[in-house]
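Structure first, then comments.
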Amino acid sequence: MAFSRRTVWLWGLSVALVAALAVASQWRPAPPPSEPPLPVLGRFGGDFHLPATTGGVRALSDFRGRVVLLNFGFTSCPDICPTVLARLSQVRRDLGPDAAQTQTLFVSFDPERDSLARLQAYLAHFGPELIGFSGTPAETATVARQYGVVYQKDDTGSRAGYGFSHSDYIYLIDDQGRVRKLFATSTPVPEMVRDVRRLLAGPGKEQF
Amino acid sequence: MRNWIVLMALWPVVGLAAPTVESAWVRAVPAVVPHTAAYFTVDNSKGSADELLGLDCPQVAAVELHESRTAAGQVRMVPVPTLAVAAGQRIVLQPGGLHAMLIDLKRPLKAGETVPLRLHFRRAGIIPVQAVVRDDAAESASPHGHHHH
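Protein chains in written order, with the numbering used here: chain A, 1 to 208; chain B, 1 to 149.
So, in structure tokens, the structure goes:
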């Protein structure tokens, strides 16, 4: 009994189809290349203790378990500081429910004018959850040095009084109090949101 | 009669020579802060060279032109005594750069209200503009400072 040419051809096609289906069923999209974890920037940071707008002295280590966004500035600053704080408000809005696992902190380097009461009223405008610190000039200088923050009183003759020339970074600090990234004033909000999420997703996975 | 014709012929030219001021807004700040910043765009794309000499506003003690300049990770505020506006130029005052500092607010400003500003130009004279008070901390981010409702 001889198979017709046509039957052989059909058999061959069926086998090829089954094989193709088998391969296809095993196929999965390649996992996205895993991003390397954000490095720990050991040169910067560390714990500090300063008088806080929540009352009493608070420490950075009080916020262990949360991702912290730390910024330095002064309330009499009309342009850069409110712009940075508005951007941090935007980051919190974009984080949605995850924002509850973060904390925004603001250290004033102008204790001469920024009483805790003034700082509290100022920060409340940008979000009720913001916590500010204003210590003595010496305490402020110590914390600034820890974080590589440079600030210099700058009298330009403005009727508004003195200002500061200052470094303008936002410090991204992980849930263990370690600085993981510095954001510039111009860093896009989505990049900050993404990096905060990387740290929020990371505690178990990011081992060093 | 002849003078009238000349004047009418020149009128559009005179009219076009002035810069226009657009998108003026003032940042709403907490009441504890006596100063804030105003931002606007000077569009001189159809005008001839001019110079912004300063501003006044009835709701503050003084207005100063400043620029936030960033160099080597350091930001500082530099006074801008006058602002030259070349023919054809468009100058955007926006957060993190050029701004008009409104000093010693007579009362806190609320988001949504308007603040009259008068810009003094060397050639064009006084150009009045109504600046909208905006709370940019409560708004969604907008790259060009457009007003959201």
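Built from N, CA and C at the ideal position, the CB exists for glycine as well.
Whole-angstrom distance between residue j and residue i, CA atom to CA atom
i	j	result
Ala-117(A)	Ile-131(A)	12 Å
Arg-123(B)	Glu-51(B)	7 Å
Val-189(A)	Gly-127(A)	17 Å
Lys-153(A)	Ala-17(B)	42 Å
Arg-145(A)	Ala-52(A)	19 Å
His-66(B)	Val-78(B)	6 Å
Ala-31(B)	Glu-35(A)	44 Å
Phe-106(A)	Gly-56(A)	16 Å
Lys-181(A)	Ala-201(A)	16 Å
Val-149(A)	Phe-183(A)	13 Å
Buried versus exposed call for residue i [16 or more other C-beta atoms within 10 Å across all chains shown]
i	result
Pro-31(A)	Any reading at Pro-31(A) must be qualified, since the residue scores a pLDDT of 48, below 50, and its modelled position is unreliable; the value itself is stated next. Exposed, since its Cβ has fewer than 16 Cβ neighbours within 10 Å.
Pro-58(B)	exposed
Val-75(B)	buried
Ile-103(B)	buried
Asp-47(A)	exposed
Leu-53(B)	exposed
Thr-104(A)	buried
Glu-64(B)	buried
Minimum C-alpha distance to residue i - residue among the options
i	options	result
Trp-25(B)	Ala-100(B), Gln-89(B), Arg-76(B), Asp-104(B)	Ala-100(B)
Pro-37(A)	Thr-187(A), Asp-62(A), Asp-174(A)	Asp-174(A)
Asp-43(B)	Val-32(B), Arg-27(B), Arg-69(B), Ala-84(B)	Ala-84(B)
Val-68(A)	Gly-177(A), Val-40(A), Val-193(A)	Gly-177(A)
Ser-108(A)	Leu-172(A), Gln-120(A), Arg-92(A)	Gln-120(A)
Arg-69(B)	Ala-131(B), Phe-121(B), Glu-113(B), Pro-95(B)	Pro-95(B)
Ala-28(B)	Val-92(B), Pro-128(B), Thr-114(B)	Thr-114(B)
For residue i, the residue or residues it bridges with in DSSP
i	result
Asp-56(B)	Arg-118(B)
Glu-51(B)	Ala-84(B)
Gln-130(B)	Pro-116(B)
Gln-94(B)	Gln-94(B) is not bridged to any residue.
Met-101(B)	Ala-37(B), Glu-64(B)
Chain C contact for residue i (CB, 9 Å cutoff)
i	result
Leu-85(A)	No chain C is part of this structure, whose protein chains are labelled A and B.
Could you name the residues of the segment 67 to 96 of chain B whose beta carbon sits closer than 8 Å to any beta carbon of chain A, in the order they occur along the chain?
-> Ser-68, Thr-70, Gly-73, Gln-74, Val-75, Arg-76, Met-77, Val-78, Pro-79, Pro-95, Gly-96
Interfacial residues, the segment 31 to 55 of chain A to chain B, with Cβ spacing under 8 Å = none
Contact list for the segment 18 to 29 of chain B against chain A, Cβ threshold 9 Å | Arg-27, Ala-28, Val-29
Contact residues within the segment 106 to 122 of chain B, judged by C-beta distance below 8 Å to chain A | none
Of the residues that make up the segment 78 to 103 of chain A, which ones have a beta carbon closer than 8 Å to any beta carbon in chain B?
-> Pro-78, Asp-79, Ile-80, Pro-82, Thr-83, Leu-85, Ala-86, Arg-87, Ser-89, Gln-90, Arg-93
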